[in-house]
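Input: a single structure, listed below in structure tokens.
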Amino acid sequence: MTGLRLTAAAYRVPTDAPEADGTLAWDGTTMVLVRAAADGHTGIGWTYGPTAATAVVTDLLAPVVTDLDPDDVPAIWTAMRHQLRNAGRPGVAGLALSAADCAVWDLKARRHGLPLAGLLGTARRHVPVYGSGGYTTYDDERQHRQLSGWVHEQGIPRVKIKIGESCGTKAPRDVARMTAARRTIGDHAELYVDANGGYQRKQAIRVMRAATDLDVRWYEEPVSSDDLAGLGQVRDQVTPDVAAGEYGFDLVYFHRMAPYVDCLQIDVTRCGGITEFLRAAAVAAAAGLEVSAHCAPHQHLPVAAAVPNLRHVEWFHDHVRIESMLLDGAVPATGGTAAVPLDRPGLGLDLRIGEAERYRVA
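Here my numbering is used: the first residue of the sequence shown is 16, the next is one more, and so on.
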């Protein structure tokens with residue numbers, strides 16, 4: 016058995032149009048990809064965030080795992096977590112930990128010739144998804160085309176748009192865009208919205224009451240995810256389920272948030288990887304909640320398949336596009352589900368090196 020080796024690279028892919036949500040705008044997305052290698056096998060894992068995460072992998076994480084058995088994922092995760100104590104677990108260091116943990120899980124499955132979903136075990140073999148995009152920068156026609164494509168062409172029966180535009184200062188346009196979205200998708204698809212923390216507490220309640228006739232089912236981060244009392248206040252005053260959790264970097268975060276939301280979001284590229292995703296899902300289950308996997312859909316498929324209390328996976332426009340461009344083995348979502356890869360080892364995905372190098376920035 017040879018030692019475990021971790022390496023990292025970053026790829027920045029421009030968006031296909033200007034994008035913004037309630038509190039942020041961007042024109043590109045950076046994928047930080049980690050390779051975990053041992054015994055002639057290589058696993059991959061990735062996160063979306065600053066290129067600085069690559070240095071965390073190579074300078075901090077890689078040196079503490081070289082003498083560990085590649086199959087001992089809990090020992091590897093613990094060693095990496097301890098190494099980050101003074102660097103700070105939340106933020107860039109947490110992104111690096113998450114990508115590295117996912118790569119190690121992929122490596123373990125590949126070394127044993129198993130699909131990762133088979134190694135973890137499955138509660139389902141097709142994972143429910145929802146189409147996610149509808150940026151505040153889209154005009155009416157672009158929003159219509161995107162939502163119509165998901166619902167009427169791909170058969171995805173639940174879709175999400177961004178609201179809370181300009182930190183909540185354009186609420187009338189938010190309501191108008193929700194109205195247009197309902198008109199596009201018809202009466203039978205579910206309409207979700209995400210304010211990205213753009214509203215204040217009572218404002219968030221007023222906006223949703225103004226949209227009562229639109230039958231919105233999912234209200235994501237109506238206020239800042241740091242405002243737990245505010246999330247609870249909104250949840251108790253509106254009809255749609257209130258969701259948050261995408262910025263959770265450790266288990267305690269999810270434990271604190273659980274009493275204030277209807278569904279906990281977990282992001283495998285931030286929370287600490289597959290290892291911590293499974294724990295966070297158990298915390299949610301203990302609180303009587305379902306979980307929703309945030310973004311990075313292909314990274315989530317195997318672990319989402321393993322979690323009994325999963326509601327769905329976010330089929331996020333940017334990440335679906337990047338993963339389809341850069342990874343062989345990416346799957347479509349049709350009829351509202353994505354198939355879990357069970358016929359290939361590991362994640363069932365491989366980096367298209369030639370394509371990826373065009374976008375490499377670190």
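The beta carbon of each residue, even a glycine, is placed where N, CA and C say it ideally should be.
Apart from the five residues on each side of it in sequence, which residues of its chain come closer than 7 Å, Cβ to Cβ, to residue i?
i: Ile200; result: Leu162, Val166, Val174 and Leu206
i: Ala204; result: Val166, Pro172, Arg173 and Val174
i: Leu229; result: Met193, Thr194, Arg197 and Leu206
i: Thr137; result: Ala320, Ala321 and Val355
i: Arg294; result: Leu266
i: Val107; result: Gly64, Pro65, Ala67, Ala68 and Val71
i: Ala296; result: Ile281, Val306, Val322 and Asn324
i: Ala301; result: none
i: Ala273; result: Leu279, Val298, Ala299, Ala302 and Leu304
i: Leu99; result: Leu75, Ala108 and Leu112
i: Ala381; result: This structure cannot speak to residue 381, because the chain is shown only from 16 to 377.
Would you kindly work out how many angstroms separate the C-alpha atoms of residue i and residue j, rounded to a whole number?
i: Leu362; j: Leu122; result: 9 Å
i: Leu279; j: Arg271; result: 11 Å
i: Pro89; j: Asp42; result: 37 Å
i: Val208; j: Pro187; result: 15 Å
i: Pro65; j: Pro78; result: 21 Å
i: Ala377; j: Val142; result: 33 Å
i: Thr184; j: Thr93; result: 44 Å
i: Thr352; j: Ala311; result: 15 Å
i: Gly213; j: Val328; result: 23 Å
i: Tyr26; j: Asp189; result: 33 Å
i: Ala115; j: Ala191; result: 42 Å
i: Leu364; j: Val80; result: 24 Å
i: Ala53; j: Glu156; result: 50 Å
i: His159; j: Asn211; result: 21 Å
i: Gly245; j: Gly287; result: 26 Å
i: Tyr275; j: Ser113; result: 25 Å
i: His313; j: Met340; result: 12 Å
i: His56; j: Val249; result: 49 Å
i: Leu76; j: Leu357; result: 30 Å
i: Thr227; j: Pro255; result: 10 Å
i: Ala259; j: Pro85; result: 34 Å
i: Pro130; j: Lys217; result: 47 Å
i: Arg367; j: Tyr234; result: 36 Å
i: Gly369; j: Leu342; result: 11 Å
i: Ser132; j: Met223; result: Looking at the sequence itself, residue 132 is Ala, so the reference to Ser does not match. For Ala132 and Met223, the distance between alpha carbons rounds to 38 Å.
i: Arg96; j: Val283; result: 15 Å
Based on the DSSP secondary-structure assignment, which residues constitute the bridge partners of residue i?
i: Gln280; result: Ser307
i: Tyr207; result: Lys175 and Trp233
i: Leu342; result: Leu366
i: Ile59; result: Arg50
i: Ala302; result: DSSP, once it has assigned bridges, lists no residue as partnering Ala302.
i: Arg27; result: Thr45
i: Ala354; result: His141
i: Trp330; result: Gly146
i: Val361; result: Val is not the amino acid found at residue 361; the sequence shown has Gly there. According to DSSP, which records beta bridges pairwise, Gly361 is partnered with Pro130.
I believe residue i touches residue j by the beta-carbon criterion, under 8 Å. Please report the beta-carbon distance rounded to the nearest angstrom.
i: Val144; j: Trp330; result: 4 Å
i: Ala281; j: Phe292; result: The displayed chain sequence assigns Ile, not Ala, to residue 281. Their Cβ separation, rounded to whole angstroms, is 5 Å, which keeps Ile281 and Phe292 in contact under 8 Å.
i: Ala124; j: Val49; result: Wrong, their Cβ atoms sit about 15 Å apart, outside the cutoff.
i: Leu19; j: Ala51; result: 6 Å
i: Leu266; j: Val298; result: 6 Å
i: Ile289; j: Val253; result: The Cβ separation is near 33 Å, so there is no contact.
i: Ala102; j: Val72; result: Incorrect: roughly 12 Å between the Cβ atoms, too far for contact.
i: Thr45; j: Thr30; result: Contact flag wrong, Cβ pair sits at about 12 Å.
i: Gly37; j: Ile176; result: Incorrect: roughly 11 Å between the Cβ atoms, too far for contact.
i: Arg375; j: Ala23; result: Rounded, the Cβ-Cβ distance is 11 Å, inconsistent with contact.
Excluding five sequence neighbours on each side, which residues of the same chain lie with their C-beta closer than 6 Å to the C-beta of residue i?
i: Gly350; result: Gly170
i: Glu305; result: Cys278, Asn324 and Arg326
i: Arg373; result: none
i: Gly262; result: First, the residue type needs correcting, since residue 262 is Tyr and not Gly in the sequence shown. Counting only Cβ-Cβ distances below 6 Å, and skipping sequence neighbours, we find Ser240.
i: Pro105; result: Phe264
Excluding five sequence neighbours on each side, which residues of the same chain lie with their C-beta closer than 8 Å to the C-beta of residue i?
i: Glu34; result: Ala40, Trp41, Asp42, Tyr150, Thr152 and Asp333
i: Arg221; result: Ala186
i: Tyr346; result: Residue 346 is actually Val in this sequence, not Tyr. Closer than 8 Å at Cβ, skipping near neighbours: His313, Leu316, Ala353, Ala354 and Pro356.
i: Cys182; result: Gly37, Thr38 and Gly213
i: Arg336; result: Val28 and Asp31
Task: Complete beta strand (DSSP E) runs within the stretch 117-145 (minimum length 3 residues, chain order) - done: Counting only runs of 3 or more, we get nothing.
TODO: Could you tell me which uninterrupted alpha helix (DSSP H) segments, each at least 4 residues in length, are contained entirely in the stretch 64-102, listed from first to last along the chain?
DONE: 67-70 and 88-98
Task: Residue ranges of each beta strand (DSSP E) within the stretch 210-276, 3 or longer - done: Runs of the beta strand (DSSP E) inside the stretch 210-276: 231-235 and 256-259.
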